[in-house]
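In the numbering used here, the protein residues as written are 742 to 1005.
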């Protein structure tokens, strides 16, 4: 079974046991290699050459916490440093608890010395358009102040419960606000549309395998791996010397058994 993504195909298959032992499908690997025309992975270039991409820092909420698990394995296999500053129940730069986050974030980013900061818009990015824009502008200034590029990434579509329902207008507006900030950044920021991975609506199962948690918010190992594969390919587009490791080198290294993955 291989979960298809436009331009890429990656699948995590295997017995759905308590240990959640997953492996990447060989067919998915072959399709992935063939689809990534121009990707260094197709040229035979050895993995582990960052090509100017020395360190990636991930920001986001608990959705990003789960995605950081395969990302850590994938970046390690690709010879690039990776650090997750994503946080359960927060990690946002606007909305509830963001003031507390801002007390630590600038120092954390300065200490991390990243090349790229990936901010996956969070399910807590609540606020008016003006509040969102001020926060994203502040994030851009902070990130560029430590010499890094900023990549906003849209969040996976959610199935809102009573907690999220009053804030859906804010969450739906956030990508457009981020695009406005990126458009005025003179190339220092960009927005990546992860709808290429997730589609436009929440979908729990893909090709018979749990892709998203039954809670309507989080990802399962297959979804987190598909997202990781997609993100590495997008970074390879922007850093031509960066060679992502083949997915088979990181897909079954134990991260899928983490207790973070629930409802899968």
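For every residue, glycine included, the Cβ atom is placed at its ideal position computed from N, Cα and C.
Looking only at its chain, what residues have a beta carbon closer than 6 Å to the beta carbon of residue i, apart from the 5 residues adjacent to it on each side?
i	result
residue 796	822, 855 and 856
residue 852	none
residue 760	The predicted model places residue 760 with a pLDDT of 35, which falls under 50 and marks its position as unreliable, so this point remains unresolved.
residue 893	860, 919 and 932
residue 789	Model confidence at residue 789 stands at a pLDDT of 40, short of 50, so the residue's coordinates are unreliable and nothing is read from them.
residue 887	850 and 851
residue 995	none
residue 683	This structure cannot speak to residue 683, because the chain is shown only from 742 to 1005.
residue 930	881, 891 and 923
residue 876	834 and 835
residue 885	929
residue 959	804 and 807
residue 839	833
Sorted by chain position, which residues of the same chain lie with C-beta nearer than 7 Å to residue i's C-beta, five sequence neighbours on each side aside?
i	result
residue 826	798, 799, 800 and 849
residue 939	897 and 898
residue 961	951, 952, 953, 954, 1002 and 1005
residue 928	none
residue 837	865 and 867
residue 830	803
residue 978	none
Mark residue i as exposed unless 16 or more other C-beta atoms lie within 10 angstroms of its C-beta, in which case mark it buried.
i	result
residue 819	buried
residue 866	buried
residue 803	buried
residue 808	buried
residue 946	exposed
residue 863	buried
residue 942	exposed
residue 812	buried
residue 868	buried
residue 832	buried
residue 816	buried
residue 916	buried
residue 824	buried
residue 980	buried
residue 963	buried
residue 911	buried
Return the bridge partner residues of residue i from the DSSP annotation.
i	result
residue 796	822
residue 893	860 and 932
residue 953	960
residue 914	The partner list for residue 914 (beta bridge, DSSP) is empty, contrary to what the question assumes.
residue 947	950
Relative to the ligand GTP, is the shortest distance from any of its heavy atoms to the C-beta of residue i smaller than 7 Å?
i	result
residue 803	For the ligand GTP, the structure offers nothing, since it holds no ligand at all.
Am I right that residue i and residue j are in contact with their C-beta atoms under 8 Å? What's the rounded C-beta distance?
i	j	result
residue 983	residue 935	Between residue 935 and residue 983 the Cβ distance is about 19 Å, and since that is not below 8 Å, they are no contact.
residue 972	residue 926	Incorrect: roughly 20 Å between the Cβ atoms, too far for contact.
residue 921	residue 874	7 Å
residue 965	residue 810	6 Å
residue 872	residue 834	Not confirmed; about 10 Å, so no contact.
residue 828	residue 991	At roughly 23 Å, the Cβ-Cβ gap does not stay under 8 Å, so residue 828 and residue 991 are not in contact.
residue 914	residue 870	6 Å
In chain order, what residues of the same chain have a beta carbon less than 8 Å from the beta carbon of residue i, not counting five sequence neighbours either side?
i	result
residue 956	1003 and 1004
residue 909	901
residue 878	922
residue 805	799, 825, 827, 832, 861 and 863
residue 842	828, 831, 832, 833 and 834
Identify every run of the beta strand (DSSP E) within the stretch 834-885, keeping only runs that are complete inside it and at least 3 residues long; order them along the chain.
857-861
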